[in-house]
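First residue of the sequence shown: 1, per the UniProt record's numbering; consecutive thereafter.
For glycine and all other residues, C-beta sits at the position ideal for the given N, C-alpha and C.
This one's a predicted model, so the numbers in the text were calculated from it and none came from an experiment.
See structure below.
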Amino acid sequence: MVPFLSPVNQIDPSLPQSIMNAHATRSLLRRQLPTGGKQISRNAVGNQYRCFSCSVKKSQQPQSTPPPPPPKSSTGTTHFGFETIEEALKEQKVAGVFSSVASSYDTMNDLMSLGIHRLWKDHFIRNLNPGRNPLTSNTAQEKGWNILDIAGGTGDIAFGMLDHASTINNDAHTKVTVADINPQMLAEGRKRALATPYARSDRLRFVEANAEKLDMIPDNSIDLYTVAFGIRNFTHKDVALREAYRVLKPGGVFACLEFSKVRNPVFDAIYKRWSFSAIPLIGQLVAGDRDSYQYLVESIERFPSQTEFRDMIKDAGFMIPGQGWEDLTDGIAAIHKGVKPA
1 MVPFLSPVNQ IDPSLPQSIM NAHATRSLLR RQLPTGGKQI SRNAVGNQYR CFSCSVKKSQ
61 QPQSTPPPPP PKSSTGTTHF GFETIEEALK EQKVAGVFSS VASSYDTMND LMSLGIHRLW
121 KDHFIRNLNP GRNPLTSNTA QEKGWNILDI AGGTGDIAFG MLDHASTINN DAHTKVTVAD
181 INPQMLAEGR KRALATPYAR SDRLRFVEAN AEKLDMIPDN SIDLYTVAFG IRNFTHKDVA
241 LREAYRVLKP GGVFACLEFS KVRNPVFDAI YKRWSFSAIP LIGQLVAGDR DSYQYLVESI
301 ERFPSQTEFR DMIKDAGFMI PGQGWEDLTD GIAAIHKGVK PA
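Spelled out as structure tokens, the structure:
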């Protein structure tokens with residue numbers, strides 16, 4: 001059993017000691033993390049649904065009716081970290097944070113995850129197994145997947161998806177649209193794309209868009225919707241989930257990688273002490289920006305628990321495969337999934 005990709009409720013007693021040294025933690029992970037992700041059933045588009053790392057059958061859950069339309073704009077309050085602000089201000093304040101950290105985004109995630117976010121992302125991509133393998137697919141008339149990566153401005157998830165589709169599934173047709181509300185993050189992604197084979201390919205595009213209002217994406221057009229370390233910053237997470245439901249094809253999958261709630265109380269105390277004491281200080285020293293890093297730490301603490309977020313996905317109309325999430329590093333992060341009924 002690999003402790004850093006542990007199943008739910010399994011507590012690794014070595015975690016508190018290993019987490020005390022980030023370098024040791026990463027070394028341990030490199031030795032222990034499996035090189036191959038869990039390979040998953042790859043059902044055809046015409047089948048009931050495309051379920052990654054699960055074997056849910058349609059008969060196990062009642063058919064969900066389409067979710068209600070998003071509510072009209074509210075003039076209420078919301079949270080910006082631990083601060084309560086007017087909803088209308090949150091988008092602007094979040095934009096300020098990510099404009100500030102765009103050029104040091106990987107450094108930010110290294111600090112937030114003790115460097116483990118790179119392994120989590122690799123696992124996330126392998127687990128979803130993007131691309132249509134011509135040797136195993138029974139839908140030869142369809143070529144590639146249409147993937148939408150939300151809040152993916154810097155492009156690391158998109159590049160990984162395309163690499164996996166090309167090298168693992170021999171799929172040169174899968175396409176990824178990277179959507180982000182922040183132009184600075186998109187600029188960073190476009191710059192990084194120049195070092196990939198996809199810079200001048202129609203397989204990759206970057207668009208400025210709000211996850212709560214994806215007007216440029218047609219209904220029932222996306223095979224896989226991904227969002228990594230982004231949804232906790234949305235003003236109306238429920239509205240974004242309904243938009244995800246709308247744009248996905250029947251059988252399409254919503255997949256979210258996000259910081260979550262640590263299971264082990266001792267490990268949780270250590271991680272919170274690191275987060276609230278060290279990360280803002282290091283943010284000041286490394287990036288000259290304490291406030292942005294303070295917000296990001298607080299936004300993790302404010303994000304719903306695994307069960308609460310699972311229920312939000314279900315309320316948006318999705319079927320939930322299994323328990324609905326996989327804990328990573330004992331719950332520092334989690335992968336959530338939902339399937340749009342066929």
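How many angstroms separate the CA atom of residue 154 from the CA atom of residue 195?
On the sequence shown, position 154 is the one that residue 154 refers to. On the sequence shown, position 195 is the one that residue 195 refers to. About 13 Å.
Would you kindly work out how many angstroms separate the C-alpha atoms of residue 253 and residue 243, rounded to a whole number?
The residue labelled residue 253 in the question sits at position 253 within the sequence shown. The residue labelled residue 243 in the question sits at position 243 within the sequence shown. Distance from the CA of residue 253 to the CA of residue 243, rounded to the nearest whole angstrom, comes to 13 Å.
From this set, 110, 157, 341 and 156, which residue's C-alpha is nearest residue 247's C-alpha?
On the sequence shown, position 247 is the one that residue 247 refers to. Nearest to residue 247 by alpha-carbon distance, out of 110, 157, 341 and 156, is 341.
What residue ranges within the region 284-335 form continuous alpha helix (DSSP H) runs of no fewer than 4 residues, ordered along the chain?
290-302 and 306-315
Would a C-beta distance cut-off of 8 Å place residue 264 and residue 223 closer than the cut-off?
Residue 264 sits at position 264 when you count from the first residue of the sequence shown. Residue 223 sits at position 223 when you count from the first residue of the sequence shown. No; because the gap between Cβ atoms is not below 8 Å, this pair is not in contact.
Could you give the distance in angstroms between the alpha-carbon of residue 125 and the alpha-carbon of residue 227?
Locating residue 125 in the sequence shown gives position 125, where the first residue counts as 1. Locating residue 227 in the sequence shown gives position 227, where the first residue counts as 1. In a straight line, the C-alpha of residue 125 is about 12 Å away from that of residue 227.
Buried or exposed: residue 215, going by 16 or more other Cβ atoms within 10 Å of its Cβ?
For the purposes of this step, residue 215 is taken as residue 215 along the sequence shown, with counting starting at 1. Exposed is the call here.
Between residue 313 and residue 336, what straight-line distance do the alpha-carbon atoms span, to the nearest angstrom?
In the sequence shown, the residue the question calls residue 313 occupies position 313. In the sequence shown, the residue the question calls residue 336 occupies position 336. So the alpha carbons of these two residues sit roughly 9 Å apart.
Sort 316, 105, 302 and 219 by Cα distance to residue 189 and report the nearest one.
For this step, residue 189 is matched to residue 189 along the sequence shown. Of the candidates 316, 105, 302 and 219, the one whose C-alpha sits nearest the C-alpha of residue 189 is 105.
Looking at the structure shown, is residue 218 part of a helix, part of a strand, or coil, going by DSSP?
In the sequence shown, counting from the first residue as 1, residue 218 sits at position 218. Coil, per DSSP.
Please identify the residue among 268, 297 and 267 whose C-alpha is closest to the C-alpha of residue 281.
Indexing the sequence shown from 1 puts residue 281 at position 281. Of 268, 297 and 267, the residue nearest in Cα terms is 297.
How is residue 169 classed by DSSP in three states: helix, strand or coil?
If you number the sequence shown from 1, residue 169 lands on position 169. Of the three classes helix, strand and coil, the one that applies to residue 169 here is coil, per DSSP.
Considering only residues of the same chain and omitting the five flanking positions on each side of residue 316, which have a CB-CB separation below 6 Å?
Counting from 1 along the sequence shown, the entry for residue 316 is found at position 316. Around residue 316: 67, 241, 242 and 245.
Please classify residue 170 as buried or exposed, where buried requires at least 16 other C-beta atoms within 10 Å of its C-beta.
Working through the sequence shown from its first residue, we reach residue 170 at position 170. Exposed, by the Cβ-count rule.
Could you work out which residue in 221, 156, 200 and 274 is closest to residue 118 when comparing CA atoms only?
Reading the sequence shown from its first residue, position 118 is the one you call residue 118. The residue with the shortest Cα to Cα distance from residue 118 is 156.
Mind checking whether residue 165 and residue 130 have CB atoms under 8 Å apart?
In the sequence shown, counting from the first residue as 1, residue 165 sits at position 165. In the sequence shown, counting from the first residue as 1, residue 130 sits at position 130. Yes. Within cutoff.
Please list the terminal residues of the continuous alpha helix (DSSP H) segment that includes residue 241.
Sequence index remark: in the sequence shown, residue 241 carries index 241 (1-based). Residues 237-247.
Looking at the secondary structure, which residues open and close the beta strand (DSSP E) in which residue 119 lies?
Indexing the sequence shown from 1 puts residue 119 at position 119. Counting along the chain, residue 119 falls outside any beta strand (DSSP E), though it belongs to the alpha helix (DSSP H) covering 117-128.
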